[in-house]
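Numbering (numbering that gives the first Met the number 0), first residue to last: 0 to 245.
C-beta atoms are modelled at their ideal positions from N, C-alpha and C, and glycine is treated no differently.
First the structure, in the form of structure tokens, and then the observations on it.
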Amino acid sequence: MKASFVSSIAVIFAAIGGVYAQNSTSTSCAAISTPSPAGPYVYYGCMTESSFSRTLNLATTENATMTPEFCASFCSSQGYPVMGLEYGEECYCGTYPTGDSTTAPQSDCNMECTGDASQLCGGSDRLNVYTLQNYTRPTIPRMADGYIYAGCYTDDTSNRALGLASLVDYTSMTVEKCATFCSGKGYSMFGLEYAGECWCGNSISTGNTIAPNQDAECTSTCPGDETELACGAANRLNVYLILLSA
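Right, here's the structure in full:
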């Protein structure tokens, strides 16, 4: 009788323990949910940090009381359409996710914000990314009347990839503007670099090649048209071939 009673009590406690474990697991999983909008930004998703450059690299701040709202206020004041939170207290801003960053499972972005434990602020090498509501991600123009895209190339400043002529305009440069400039001078190739430089030539000089990470290394949008992800980067050129007129 005594042994049977003890056995019954053990079964009851085991059942209670199982229910408690289920409730604990359920509560933990519920914490990982889709974040709410923050200021003018809506949630885009969890993304990996780029392996060779910051995914959002135009402005940053850290704060011991970080929240999505704090980051939204900072990035919107800087004029950037994309923001990301990482490692609980880091805020990054940019025009689009750069480098080789890709989407990650939402469960990877599981760190509580230092300023509000009920909200999530990325993870280790993971960003909770937000964009402005009407955000359009910039792209590389691949082909247009008169030119076709050739790739992202390295550019050695002591041996320019395309060094026969150049035009600099850090306020209104576009692919079309560079194409018009170089074709007007009779060249068969043009390249855009450093968010405002246009370079012309007839062939890529020896020693300059397709960038190791290809298009992922040409990270600058064009100042004259922010939808064009075609204005190179530091020592990187978005190169185009000029098509012969009929």
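Which of helix, strand or coil DSSP assigns to residue i
i: SER117; result: strand
i: ALA232; result: strand
i: GLY183; result: helix
i: GLU216; result: helix
i: ALA37; result: strand
i: ASP224; result: strand
i: ARG53; result: coil
Which residues DSSP lists as bridging residue i, in chain order
i: ILE139; result: Answer is none; ILE139 lacks a bridge partner.
i: ALA58; result: CYS92
i: GLU196; result: VAL167 and GLU192
i: TYR247; result: Any property of residue 247 remains undetermined from this structure, which presents the chain solely from 0 to 245.
Same chain only: Cβ atoms within 7 Å of residue i, ignoring 5 sequence neighbours per side
i: ILE11; result: Since pLDDT at ILE11 reaches only 37, below the 50 mark, its modelled position is unreliable, and the value read off the structure follows with that caveat. Hits under 7 Å: none found.
i: GLY206; result: ASP155 and ASN158
i: SER123; result: TYR86
Range covered by the alpha helix (DSSP H) that runs through residue i
i: GLU68; result: 67-77
Unbroken beta strand (DSSP E) run spanning residue i, endpoints
i: MET172; result: Run containing MET172: none; DSSP gives neither H nor E here.
i: ILE147; result: 146-153
i: ASN127; result: 125-131
i: LEU84; result: 81-85
Cβ shell of residue i (< 6 Å), same chain only, five flanking positions each side left out
i: GLU61; result: GLU88 and GLU89
i: SER50; result: ASP99
i: CYS70; result: MET82, LEU84 and CYS90
i: GLN132; result: VAL41
C-beta contact flag for residue i and residue j at 8 Å
i: GLY145; j: TRP198; result: no
i: ALA63; j: THR102; result: no
i: LYS184; j: ALA164; result: yes
i: LEU126; j: THR54; result: yes
i: GLU192; j: ARG235; result: yes
i: CYS230; j: ALA194; result: yes
i: MET188; j: VAL238; result: yes
i: THR218; j: ALA232; result: yes
i: GLY44; j: GLU68; result: no
i: MET46; j: PRO96; result: yes
Residue i CB to nearest heavy atom of the ligand FAD below 7 Å
i: SER50; result: Absence of the ligand FAD is noted for the structure shown, with no ligands found whatsoever.
Beta-carbon contacts of residue i that lie in its chain and below 8 Å, excluding the five residues immediately before and after
i: THR135; result: THR226
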